[in-house]
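Read in full-length UniProt numbering, the sequence shown has 237 at position 237, and its numbers run on one by one without any break. Quick reminder that beta carbons are idealized off the backbone N, C-alpha and C, glycines included. Input: a single structure, listed below in structure tokens.
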Amino acid sequence: MNPQDYTVIQLRELLKAKDLSILGNKADLILRLQDHDPEIWDKIAGEEELNTSPDPPRDTEPRQSNTREEGSAEDRELELLRREIELMRQCAKPRNTASKSTDARPDESAGKTSKAASEANLIQPFVGSEPYTVSVMYSAPDDEGNTKPFSCVAIVDTGSPISLIKPNYAPVNCRTSVSDNDFRFNGLNNSRIKILGIFERHVEVNGIDVNIKFYVVPDETMSSLALLRRDFTSNPAVKIAIDQIFEVVRNEADSSVNTDNFAEQFYI
Numbered sequence: 001m002n003p004q005d006y007t008v009i010q011l012r013e014l015l016k017a018k019d020l021s022i023l024g025n026k027a028d029l030i031l032r033l034q035d036h037d038p039e040i041w042d043k044i045a046g047e048e049e050l051n052t053s054p055d056p057p058r059d060t061e062p063r064q065s066n067t068r069e070e071g072s073a074e075d076r077e078l079e080l081l082r083r084e085i086e087l088m089r090q091c092a093k094p095r096n097t098a099s100k101s102t103d104a105r106p107d108e109s110a111g112k113t114s115k116a117a118s119e120a121n122l123i124q125p126f127v128g129s130e131p132y133t134v135s136v137m138y139s140a141p142d143d144e145g146n147t148k149p150f151s152c153v154a155i156v157d158t159g160s161p162i163s164l165i166k167p168n169y170a171p172v173n174c175r176t177s178v179s180d181n182d183f184r185f186n187g188l189n190n191s192r193i194k195i196l197g198i199f200e201r202h203v204e205v206n207g208i209d210v211n212i213k214f215y216v217v218p219d220e221t222m223s224s225l226a227l228l229r230r231d232f233t234s235n236p237a238v239k240i241a242i243d244q245i246f247e248v249v250r251n252e253a254d255s256s257v258n259t260d261n262f263a264e265q266f267y268i
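Here you go:
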């Protein structure tokens, strides 16, 4: 008896007898039984031969009188079931083909860049589409004067010389007040960025102690909690490496010389 000849009820009874899950369609049930015991159908056929006595010859004439349409419908159903089982097997296989074909492209530099960007996204699923993030921790007195620990996830962005932070992460009593005419910074759409104050602090970024001057901006200015800009990436104590993953580490080289040369510190 072929696996496809069993009804869903019969298949579920076989699964129950083996303490297996009975959820899914007919193809799921057959595949689950085969995965549990690849020889299950041979074993069942042997048991049926032992337990079933030979039947007297039957008159097959009525059977032969069935219409061709019924036979064709059964054949189509069996073929669809076979295809569904094969498709499920293919989906269960490890998918290494995509990464291998990427490495084999003629333009190796393009392949490496694409691979680095995609892997950076995969290892940081909590920030959505933003690729390069770090953890920032520091302590500051709150509005009542009590020292309070702060932490947030910041995006590393070299597009501007200033670092930004949202108001909830920069207590008012720790800010330096500014006037509208002290600074003028524009966003990507050339709209002016409102500066609420300056919050300068020694912070720990991925375990590295650095001094950062944050410009406090309204919540609607950006989607992230904080942005670390060029004053962070050009710090001699920081080394940023982007190879197969995005990594910020302490620069073990001589950090006594300050430099704005990104090529010495930003490895891509």
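Would you list the one or two residues that DSSP bridges to residue i?
i    : result
N186 : R192
P141 : T147
C174 : For C174, which the question treats as bridged, DSSP gives no partner whatsoever.
I198 : T176, Y215
T133 : I155
S163 : F214
K18  : BP columns for K18 are empty, so no partner.
E220 : DSSP, once it has assigned bridges, lists no residue as partnering E220.
A226 : A154, I165
D35  : Note: D35 sits in no beta bridge, so no partner.
D209 : E204
From residue i to residue j, what distance separates their C-alpha atoms?
i           : j    : result
F150        : S223 : 18 Å
A154        : S177 : 23 Å
V210        : L29  : 59 Å
F266        : D182 : Residue confidence is low: F266 scores 37 on pLDDT, short of 50, so the model does not pin down where it sits. Its coordinate-derived value is still stated next. Taking the straight line from one Cα to the other gives about 31 Å.
Y132        : I208 : 16 Å
R229        : S163 : 5 Å
I44         : G24  : 22 Å
D143        : P161 : 29 Å
I240        : R201 : 21 Å
P218        : A226 : 11 Å
I165        : R32  : 53 Å
V238        : C152 : 19 Å
V216        : D35  : 59 Å
residue 271 : P167 : As displayed, the chain neither begins before 1 nor continues past 268, which places residue 271 out of reach and without an answer.
D231        : V134 : 15 Å
G145        : V156 : 30 Å
E47         : D5   : 16 Å
N190        : E220 : 15 Å
Q10         : P38  : 18 Å
Apart from the five residues just before and just after residue i, which ones in its own chain have a Cβ nearer than 6 Å to its Cβ?
i    : result
F185 : I193
K26  : V8
R12  : I22
I195 : V178, F183, Y215
Excluding sequence positions up to five away, which residues of its chain have a Cβ less than 7 Å from the Cβ of residue i?
i    : result
P3   : I30, W41
C174 : A140, P141, F199
V203 : V136, M137, Y138, V210, I212
L78  : Q4
For residue i, decide whether its Cβ has a neighbour in chain B, counting only Cβ atoms nearer than 8 Å.
i   : result
L29 : Protein chain content of the structure displayed is limited to a single chain, and chain B is not contained in it.
Quick check on the burial criterion: 16 or more other C-beta atoms within 10 angstroms. Buried or exposed for residue i?
i    : result
V8   : exposed
R76  : exposed
V172 : exposed
A170 : buried
N235 : buried
D19  : exposed
L14  : buried
If I measure Cβ to Cβ from residue i and keep anything under 8 Å in the same chain, skipping five residues before and after, which residues do I get?
i    : result
T147 : S139, A140, P141
K16  : I22
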